Amino acid sequence: MTGTILFEAMIFLAGAVVCVPLAKRFGLSSVLGYLLAGILIGPYLLGFVGEEGDDILHFAEFGVVMMLFLIGLEIEPANFWKMRRIILGMGGTQVLLTMLLSFLVGIGLGLDWKVSLTISMAVALSSTAITLQTIKEKGHFDTTYGVSSFSILLFQDIVVILMLGSLPLLTNHQGHSEGDGHGEKLNMLENLPLGLQTLAIVVSVVLIVLLGRYLIVPMLRGVATTGVRELLTASALLIVIGISVLMELVGLSPALGAFLGGVVLANSEFKHELESTLAPFKDLLLGLFFMAVGASINFVVIQQNPWGIVGLVVAVILLKALVLWLVGALFKLKLDQRLLLTVGLAQVGEFAFVLLSFAFQLAIVDQQQLDILLLITALTMTLTPILGLVNERLLLPRVGTVESIKRPIDHIAKTSKVVLIGFGHFGSTVGRFLRAHGVEPTILDYDSNRVDLLRQMGFEVYYGDATRMDLLESAGIAEANMVIITVGSPDTTMTLVKMIKKKYPDIQFMVRAKNRYDAYDLINTGIQNVYRSSLDTSVKLASDVLSKMGFRKYTLQWQARNFIKMDEESLRELAEKPKIDEDYIFEARRMIREQERLLEEDLNRGVLVFDNHWDSEQMRAAHKNDTEMGRGHKPQ
Amino acid sequence: MKNVLILFAHPRHEASRVNQALLESVRDLPGVTIHDLYEKYPDFFIDVPAEKALLDQHDTIVWQHPFYWYSCPPLLKQWIDLVLEFGWAYGPGGHALQGKQCLNAITTGGSLAMYCAQGSNVYSVNDFLRPFEQTAAICGMEYLPPFAVMGTHKLEVNDLKREVALYAEAIQLLQQSPSIETDEGCAFLTDIPALKNKI
Chain X
1 MTGTILFEAM IFLAGAVVCV PLAKRFGLSS VLGYLLAGIL IGPYLLGFVG
51 EEGDDILHFA EFGVVMMLFL IGLEIEPANF WKMRRIILGM GGTQVLLTML
101 LSFLVGIGLG LDWKVSLTIS MAVALSSTAI TLQTIKEKGH FDTTYGVSSF
151 SILLFQDIVV ILMLGSLPLL TNHQGHSEGD GHGEKLNMLE NLPLGLQTLA
201 IVVSVVLIVL LGRYLIVPML RGVATTGVRE LLTASALLIV IGISVLMELV
251 GLSPALGAFL GGVVLANSEF KHELESTLAP FKDLLLGLFF MAVGASINFV
301 VIQQNPWGIV GLVVAVILLK ALVLWLVGAL FKLKLDQRLL LTVGLAQVGE
351 FAFVLLSFAF QLAIVDQQQL DILLLITALT MTLTPILGLV NERLLLPRVG
401 TVESIKRPID HIAKTSKVVL IGFGHFGSTV GRFLRAHGVE PTILDYDSNR
451 VDLLRQMGFE VYYGDATRMD LLESAGIAEA NMVIITVGSP DTTMTLVKMI
501 KKKYPDIQFM VRAKNRYDAY DLINTGIQNV YRSSLDTSVK LASDVLSKMG
551 FRKYTLQWQA RNFIKMDEES LRELAEKPKI DEDYIFEARR MIREQERLLE
601 EDLNRGVLVF DNHWDSEQMR AAHKNDTEMG RGHKPQ
Chain S
1 MKNVLILFAH PRHEASRVNQ ALLESVRDLP GVTIHDLYEK YPDFFIDVPA
51 EKALLDQHDT IVWQHPFYWY SCPPLLKQWI DLVLEFGWAY GPGGHALQGK
101 QCLNAITTGG SLAMYCAQGS NVYSVNDFLR PFEQTAAICG MEYLPPFAVM
151 GTHKLEVNDL KREVALYAEA IQLLQQSPSI ETDEGCAFLT DIPALKNKI
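Chains X and S, in that order, are what the protein sequence lines are.
Going by the numbering used here, the first residue of the first sequence is number 1, and it counts up by one from there.
Going by the numbering used here, the first residue of the second sequence is number 1, and it counts up by one from there.
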């Protein structure tokens, strides 16, 4: 039975289904669960999967490509452009410093300079898969360390192309030209002069941007009109695979290409469909990837020289950590953010597999070196989540921003306790206004810079991930009458609402919704007090526009109230309807359909007619009819 | 028993002393609805249909408010302007309020002595309340003499207690009597014979 694809699929899936929930149960990240599952089913423990681990690894790398595509989707081009300084600065410093140090270490160990250089390249790269997956799982993308990690990884993705391109220069002879064959064989530009290669790269990037705008979006629109659900899945996969093939063709990293493709599509109306369609594929493939990494740990090599390997692993991690720490210091990251960055990126990443295998093909490194290096890569990747855990549980609470500080209750009898989750732009305004009334909410936030500031201002602040029940409880959710949720991510909001509601059904919720659709979901979960960020401000802006055009302000204010009232009513009405008759495969279509309904409603109502108050027309009309009555007018 | 609707208008209810006490004294009476206008319509965006429905359900309307600048706080005026619609409360076909009773329940800082020809306010409270009286009249309502707590700045705790008890008494009396006998000498609700005996 072993060897058939179905059997392997069964083993991998079973490994995941058993190990990941176990890991989660013990409060570990899912990444670690996958890695352990891989070790378990790998050739050295249960032996369910054998040497084919390498192929699986290559296949599973596609999960990383998808992840970067999805990340790209969330970054709008303008924001990406704004990050260029950090990407170049932090990424450049990290890669150069790490390469320099590991090159020197290699020379010191008596290795050939070419081997040292190759190894230094591999060591400089960190694991996009592990790091970003962890950050994403914790929802820490908008923290300083999240952005820094992302920037460094992105730079590495770009620089890996140069590395792969320069490897052939390090070899003088033909090498093991028939290696196990990675994508580079496809590379048709390899033999072109450097100038043309650069040109080809630029052309392909431009091509992606143009394709995204003028081919993919129209294609998706076409698919949308067919209303066949699986076609959307097919096109989403086609986009990502297509980009990857194109990238490999010109020798660029598929991950980088996918990221660019994502950025290009970030502004399109299909953003959400693409996200929700690809997310399960990405998660599964990434899981597969982590398991493959676990399975590829070569225990035979460890047995041969256990202490040597341990020493090397520790050395690599320390070296990478040192550089990251310095980069963090250079870019003025706070102590705890710097620790998170350091621990998060201190591993050799998946690109090392590609790079080292390629170097082996070119006969720059020999079989033994390759084995050891691949082992170190897999081990450092496996250790990352464990070190992250140690960092989170043991180190972080001691340095920088602690989870909570005890503060004497110096305020007048807190009759009602309010917990405010999220202190971003929205939440801070809420908190300030509450405070202006002497109401001191207990605040939860995960940005340590903000947390420190708030603590200086005397707020009671808890630092950490609000979806952790224990943190919520130490913040006193059990005694709270009200919880205000202002976090930006609708998913987090929903998780929080469900989690808190389940355990504390009596608590009152005041929840921010990003838009109509989030509001529907919240209302259907039984939340009454839903505040859409996209309502009052928009109406106010429109009122001001009308005011500048000459409409009277009081009339506008009245009409604005009217408009908001009607909109709230229709919101509640539409939310109650069970998701309308049609099955909306395409969120975008549903949105357009609903906009249509709303506009239609407005149209049927006609231009908002001011109520008859303060209007004597009616009375004048009546007056004409019975002038003799003399009573038909408002006494004015 | 008649249903009484107390339309209460005070922009700083939490800081008021007398009005709070008055309101509390009638809050739990059966058949009495307290409608806190400033709480309900902080932005003056009055829901006219809802207000009309509320009026329909009650027989006696009490405008309870502090006496600001010889009149009511602006939200109550807004209420009158918006709710008492032409063609509904008055004018052709405007009979919705016909036959209901109506009065003001006010608190004044100045004492009774100040509200007379010799006093600094020159005119009596009843004179100042003429617009309300006429508003009620044009809507076909029976306008009753006002209930007034006067000289609130100097009101002692015991006096306040007495006034508050009197208010509850007066409201209950309004609920029970089919009609209130007034005579020319009744400047205030407390002057009507049935209540005067209680003082």
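Where a beta carbon is used, it is the ideal one built from N, C-alpha and C, also for glycine.
If you're wondering where the values come from, they're calculated on a predicted model, not measured in any experiment.
Length of the line joining the Cα atoms of residue i and residue j
i	j	result
Val149/S	Leu54/S	27 Å
Leu231/X	Gln94/X	42 Å
Glu305/X	Asp371/X	The sequence given here has Asn at residue 305/X, not Glu. About 12 Å.
Thr143/X	Gly464/X	11 Å
Gly91/S	Leu546/X	35 Å
Leu207/X	Asp447/X	38 Å
Val202/X	Leu104/X	34 Å
Ile507/X	Thr525/X	14 Å
Val64/X	Thr131/X	11 Å
Leu97/X	Val323/X	6 Å
Lys40/S	Ala117/S	38 Å
Ile477/X	Val301/X	51 Å
Leu318/X	Arg398/X	20 Å
Ile39/X	Met291/X	7 Å
Phe281/X	Ser428/X	37 Å
Met114/S	Ser120/S	5 Å
Lys271/X	Lys501/X	30 Å
Glu142/S	Leu434/X	46 Å
Leu326/X	Gly89/X	13 Å
Residue(s) in a DSSP beta bridge with residue i
i	result
Arg512/X	Tyr531/X
Asn126/S	DSSP lists no partner for Asn126/S.
Gln101/S	Thr60/S, Glu142/S
Pro66/S	Thr107/S
Val4/S	Val32/S, Thr60/S
Ile485/X	Ile421/X, Val511/X
Ala148/S	Ile106/S
Ser71/S	Tyr68/S
Leu444/X	Ile421/X, Tyr462/X
Phe86/S	Tyr90/S
Partners in chain S for residue i, counting only beta-carbon separations shorter than 8 Å
i	result
Trp558/X	Phe45
Ala622/X	Phe86, Gly87, Gly91, Pro92
CB contact below 8 Å: residue i versus chain S
i	result
Ile412/X	Bear in mind that a pLDDT of 33 at Ile412/X, under 50, signals an unreliable position, so the number given afterwards is only what the model happens to contain. Not closer than 8 Å to any Cβ of chain S, the Cβ of Ile412/X fails to qualify, so no.
Gln347/X	no
Gln618/X	yes
Asp581/X	Residue confidence is low: Asp581/X scores 49 on pLDDT, short of 50, so the model does not pin down where it sits. Its coordinate-derived value is still stated next. Asp581/X does not count as touching chain S.
Arg455/X	no
Arg561/X	yes
Beta carbon of residue i nearer than 8 Å to that of residue j
i	j	result
Leu496/X	Ile443/X	no
Phe563/X	Val539/X	yes
Ile161/X	Gly251/X	yes
Ser177/S	Ala165/S	no
His10/S	Pro66/S	yes
Leu387/X	Ser149/X	no
Leu45/X	Phe259/X	no
Val316/X	Val348/X	yes
Proximal residues of chain S, C-beta to C-beta of residue i below 7 Å
i	result
Arg552/X	Simply none; closest approach about 15 Å.
Arg532/X	Going along chain S, no residue has its Cβ under 7 Å from Arg532/X, so there is no contact; the nearest lies around 18 Å.
Any non-hydrogen atom of the ligand COA closer than 7 Å to residue i Cβ
i	result
Val205/X	Of the ligands one can find in the structure shown there are none, so the ligand COA has no counterpart to examine.
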